[in-house]
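As they're listed, the protein sequences go chains Z and V. So the first sequence is numbered by UniProt numbering: it starts at 1 and just counts up by one. So the second sequence is numbered by UniProt numbering: it starts at 1 and just counts up by one.
Protein chains: 2
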Amino acid sequence: MVEDASPQGSECPVARTLESIGDRWSLMIIRDAFDGIRRFSEFQKSLGVAKNILASRLKTLVEVGVFDIRPASDGSAYKEYVLTEKGREIFPVVVSIRQWGERFLFKPQETRSVLLDNASGQPLMPLEVRSSNGQKLEPSDCHRMRLVNGVKDA
Amino acid sequence: MVEDASPQGSECPVARTLESIGDRWSLMIIRDAFDGIRRFSEFQKSLGVAKNILASRLKTLVEVGVFDIRPASDGSAYKEYVLTEKGREIFPVVVSIRQWGERFLFKPQETRSVLLDNASGQPLMPLEVRSSNGQKLEPSDCHRMRLVNGVKDA
DNA sequence: GAATCAGGTTTCAAATTGCAACCAGTCTTT
DNA sequence: AAAGACTGGTTGCAATTTGAAACCTGATTC
Chain Z
1 MVEDASPQGS ECPVARTLES IGDRWSLMII RDAFDGIRRF SEFQKSLGVA
51 KNILASRLKT LVEVGVFDIR PASDGSAYKE YVLTEKGREI FPVVVSIRQW
101 GERFLFKPQE TRSVLLDNAS GQPLMPLEVR SSNGQKLEPS DCHRMRLVNG
151 VKDA
Chain V
1 MVEDASPQGS ECPVARTLES IGDRWSLMII RDAFDGIRRF SEFQKSLGVA
51 KNILASRLKT LVEVGVFDIR PASDGSAYKE YVLTEKGREI FPVVVSIRQW
101 GERFLFKPQE TRSVLLDNAS GQPLMPLEVR SSNGQKLEPS DCHRMRLVNG
151 VKDA
């Protein structure tokens, strides 16, 4: 009896990630959450997305473990959607997307929103891919490998 | 006469990025390109995507400037899709997505594909968001600001 | 207690996706 | 040089997903 190799999702972490949070609205919702948005109506107002779509996305994001539902912090009977640890760790993804967009999709003087460090008020350092010993890596400096049971596959 | 504030796309770099490369297939195509895939049929085989969808995505990725079309390097009359500088700079986005997936979407012993540094054969360093002076930043250490003509907006 | 707001669900039309068939140039094989 | 296969698509159609709007229930405010 052989165990099913992939009960859910692909073997590629990129593919599997995109399956759970990889649509436009989910990432925009998460971006808003990083700005402190927690309530359904606030997400809806900020994004302008249809309510049924927002409800559906929030539901799957909760199922996937990116958001928790909690009673609202203002004591009302309503709920709040707050990022879990798993959700907060999406921060580098959103920041790298933001930095790419700032660099390649805006003209220098064009109006944009930027992310600043609270302490210094300065823009963030550009994210760079580095090897385990700190060397900066280009795409061509890396290769993919299949890892089966923690061991390299032929 | 007032200039139109946003002729195309949102003011948020995250939103604008997701508009151009933010669907599942586009990012998967780019991921494959980082693995050296260049030909239409190779993308199609690797991704299992419908040919009309692939054609449509490649077309917009070329229009957006992420890919260039070049004559095939093997001397045949066919074409190749190769990443531009702009396209190669999506690397941190793909790597951050990959690292999040590896960490949160796989059980420890589960078969997966990993990205290794050619030089050392080791996994990459986890991407971290840092301030301009190198301090590691959490989402709550940052704030968004609107930048109009290079100047902070009220 | 009436009106309003939060957080949805339902309905239906429109857009997108995916599959399969087809097609025009290339390239290889004989 | 003709036959067959491969490359890089396009076209048509069915199925799924998306989006706008109306509606609804419980909580809150007036």
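Think of the CB as a built atom: it goes at the ideal place given N, C-alpha and C, for glycine as much as any other residue.
Look at the alpha carbon of residue i and the alpha carbon of residue j, and state the distance between them as a whole number of angstroms.
i                      : j               : result
residue 187 of chain V : F40 of chain V  : As displayed, chain V neither begins before 1 nor continues past 154, which places residue 187 of chain V out of reach and without an answer.
V49 of chain V         : L27 of chain V  : 13 Å
W100 of chain Z        : Y78 of chain V  : 31 Å
F106 of chain V        : G9 of chain Z   : 10 Å
E3 of chain V          : E110 of chain Z : Note on E3 of chain V: pLDDT 47, under 50, position unreliable in the model; the coordinate value appears next. E3 of chain V and E110 of chain Z: Cα-Cα distance of roughly 11 Å.
E85 of chain V         : S76 of chain Z  : 51 Å
K152 of chain Z        : V148 of chain V : 51 Å
H143 of chain Z        : R88 of chain Z  : 28 Å
S66 of chain Z         : N133 of chain V : The sequence shown places Val at residue 66 of chain Z, not Ser. Cα-Cα distance, rounded: 30 Å.
S113 of chain Z        : R16 of chain V  : 11 Å
M125 of chain V        : R130 of chain Z : 6 Å
E19 of chain V         : K51 of chain V  : 21 Å
E42 of chain Z         : L115 of chain Z : 20 Å
F104 of chain V        : D74 of chain Z  : 31 Å
M145 of chain V        : P123 of chain Z : 10 Å
S46 of chain Z         : D32 of chain Z  : 8 Å
P13 of chain V         : V95 of chain Z  : 10 Å
P92 of chain V         : E80 of chain Z  : 31 Å
D35 of chain Z         : L58 of chain Z  : 16 Å
A128 of chain Z        : E128 of chain V : It is Glu, not Ala, that sits at residue 128 of chain Z in the sequence shown. Distance between the alpha carbons of E128 of chain Z and E128 of chain V: 9 Å.
L61 of chain Z         : G150 of chain Z : 29 Å
R24 of chain V         : I90 of chain V  : 14 Å
P139 of chain V        : G121 of chain V : 32 Å
D141 of chain Z        : D117 of chain V : 6 Å
V82 of chain V         : I30 of chain V  : 10 Å
Q135 of chain Z        : E11 of chain Z  : 27 Å
Q44 of chain Z         : Q44 of chain V  : 37 Å
L137 of chain Z        : L137 of chain V : 22 Å
E63 of chain Z         : V64 of chain V  : 34 Å
Here's the rule: buried if 16 or more other CB atoms are within 10 angstroms of the residue's CB, otherwise exposed. What is residue i?
i               : result
I69 of chain Z  : exposed
P108 of chain Z : exposed
I37 of chain Z  : buried
G22 of chain Z  : buried
A119 of chain V : exposed
A55 of chain V  : exposed
I97 of chain Z  : buried
I53 of chain Z  : exposed
E102 of chain Z : buried
Which residues share a DSSP beta bridge with residue i?
i               : result
K152 of chain Z : Z:L147
R130 of chain V : V:K136
C142 of chain Z : V:D117
V82 of chain Z  : Z:D68
P123 of chain Z : Z:L116
| said: Short of 7 Å Cβ to Cβ, which residues in the region 67 to 91 of chain Z face chain V? | reply: K86, R88, E89, I90 and F91
| Length-filtered (3 minimum) beta strand (DSSP E) runs lying within the region 23 to 80 of chain V | 67 to 71
| Taking the runs of the beta strand (DSSP E) that are 3 residues or longer, which of them lie wholly in the region 87 to 120 of chain V? | 112 to 117
| Using a Cβ cut-off of 9 Å, which residues of the region 129 to 146 of chain V contact any Cβ in chain Z, in chain order? | V129, R130, S131, S132, N133, G134, Q135, L137, E138, P139, S140, D141, C142, H143, R144, M145 and R146
| Members of the region 13 to 43 of chain V near chain Z, C-beta cut-off 8 Å | P13, V14, A15, R16, T17, L18, E19, S20, G22, D23, R24, L27, M28, R31, F34 and D35: these are the residues of the region 13 to 43 of chain V whose beta carbon lies less than 8 Å from some beta carbon of chain Z, given in chain order.
| task | With 9 Å as the C-beta to C-beta threshold (strictly closer), list the residues of the region 98 to 118 of chain V near chain Z in chain order. | result | R98, Q99, W100, G101, E102, R103, F104, L105, F106, P108, Q109, E110, T111, R112, S113, V114, L115, L116, D117 and N118
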